[in-house]
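Read in our numbering, the sequence shown has 282 at position 237, and its numbers run on one by one without any break.
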Amino acid sequence: MYLKVVISMNLLLEELKKYEKKKITSDILIGIIKTYYPHYKDTSIRWIIYELSKKNVITKISSQLYFIGKLKVYNPLFSNVLSKDIKKLLETKFSDIKFVMYESTCLNEWVNHQVSRAVIFIEVEKYYMMDIFRVIQEKYMNVLFKPNQDTLYRYQGDLIVVSQLFTQAPINRQERTIKLEKLIVDFYTHDLINEFITDDEKEDVIDLMFQTYVINYKTVIAYAKRRKNEDKVISALLNLKINEGGAI
């Protein structure tokens with residue numbers, strides 16, 4: 046019996062290699078598994094899916110979609126000591142307020158031209174923006190409140206920017222960081238992060254993101270609707286042949 050299970054698993058792994066670096070629906074995945082385990086019940090099928098995930102053979106993207114291979118969960122680390130200090134300060138004074146932080150240099154993972162100017166973006170719920178701005182301004186230099194592009198370039202060196210966190214923004218609330226679904230949508234707004242990436246680079250960067258990290262397509266589209274740039278985002282994803290079905 047044990048030998049039969051091992052043989053079935055080896056055959057399943059060989060079959061899944063045909064879909065390597067592709068996305069498939071949960072129904073297709075279950076169908077493939079049942080080919081080699083025809084008598085398994087749903088609980089046993091779920092166990093196989095769990096084992097495949099644990100071995101990094103598959104990565105769950107959503108309840109209906111899997112990537113064949115390993116995708117990472119995006120968890121940006123602050124490269125700037127100042128960012129860590131500010132985060133600690135805000136968590137101490139505003140522990141119950143929703144805010145996130147990210148750095149302009151986070152783009153260096155994907156862009157061709159490396160971002161050298163460090164801008165720390167702090168996004169916070171609309172009604173608490175001024176409170177957070179004042180607390181940061183009391184302790185640090187070069188803090189800007191909702192600056193536009195012109196204001197950004199009037200200042201030299203590193204900056205701290207406080208602006209609005211839109212409702213429904215995809216964020217990691219516990220870590221106080223953004224998710225890639227948010228960053229992708231923000232590329233097609235007037236947000237200042239766009240001053241650090243060219244229009245020509247955006248689709249290449251998004252393509253690399255989808256090839257490396259777990260990204261929920263539905264979350265991207267839902268947030269794009271919130272930011273009223275759904276058409277631009279969908280157009281970019283279609284150019285990359287990325288859709289809800291998920292084929293890369």
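We treat Cβ as the ideally placed atom computed from N, Cα and C, and that holds for glycine. Treat the numbers as computed from the prediction; the structure is a model and nothing was measured.
Notebook entry, point to check: Ordered along the chain, which non-local residues of its own chain (more than five positions away) have a Cβ less than 8 Å from that of Q213?
Noted result: A267, Y268 and R271
Margin query: I believe I181 touches V169 by the beta-carbon criterion, under 8 Å. Please report the beta-carbon distance rounded to the nearest angstrom.
Written below: I181 to V169, Cβ: 10 Å. No contact.
Check: With a CB to CB cut of under 7 Å and the five nearest residues on each side skipped, what residues in its chain are close to K138?
Finding: V180
Next item on the list: Quick one: give me the first and last residue of the alpha helix (DSSP H) that T264 is part of.
Entry: Y262 to R272
Check: Which class does K129 belong to by DSSP, given the choice of helix, strand or coil?
Finding: helix
Item checked: Q209, enclosing beta strand (DSSP E) - first and last residue -> L204 to Q209
Check: When the distance is taken between beta carbons, is N120 closer than 8 Å to E148?
Finding: no
Item checked: Proximity to G202 [Cα-Cα], best of P215, V188, I77 and K86 -> V188
Notebook entry, point to check: Is DSSP giving F166 helix, strand or coil here?
Noted result: strand
Next item on the list: Report the rounded CA-to-CA distance for F144 versus E59, giving the unit in angstroms.
Entry: 45 Å
Check: In the DSSP assignment, what residue or residues form a beta bridge with E148?
Finding: I165
Item checked: Ordered list of alpha helix (DSSP H) runs contained in the region 52-81, each at least 4 residues -> 71-81
Notebook entry, point to check: Does the Cβ-Cβ distance between T104 and K115 come in under 8 Å?
Noted result: yes
Next item on the list: Mind checking who I113 pairs with in its DSSP beta bridge?
Entry: I103
Notebook entry, point to check: Which term fits N55, buried or exposed, when burial requires 16 or more other beta carbons within 10 angstroms of its beta carbon?
Noted result: exposed
Checklist line | Environment of E226 [buried if 16+ CB atoms lie within 10 Å] | finding: buried
Next item on the list: Within the same chain, show all residues whose beta-carbon is closer than 7 Å to that of C151, passing over the 5 residues directly before and after it, in chain order.
Entry: P121
Check: When the Cα atoms are used, what is the spatial distance from K184 to P192?
Finding: 19 Å
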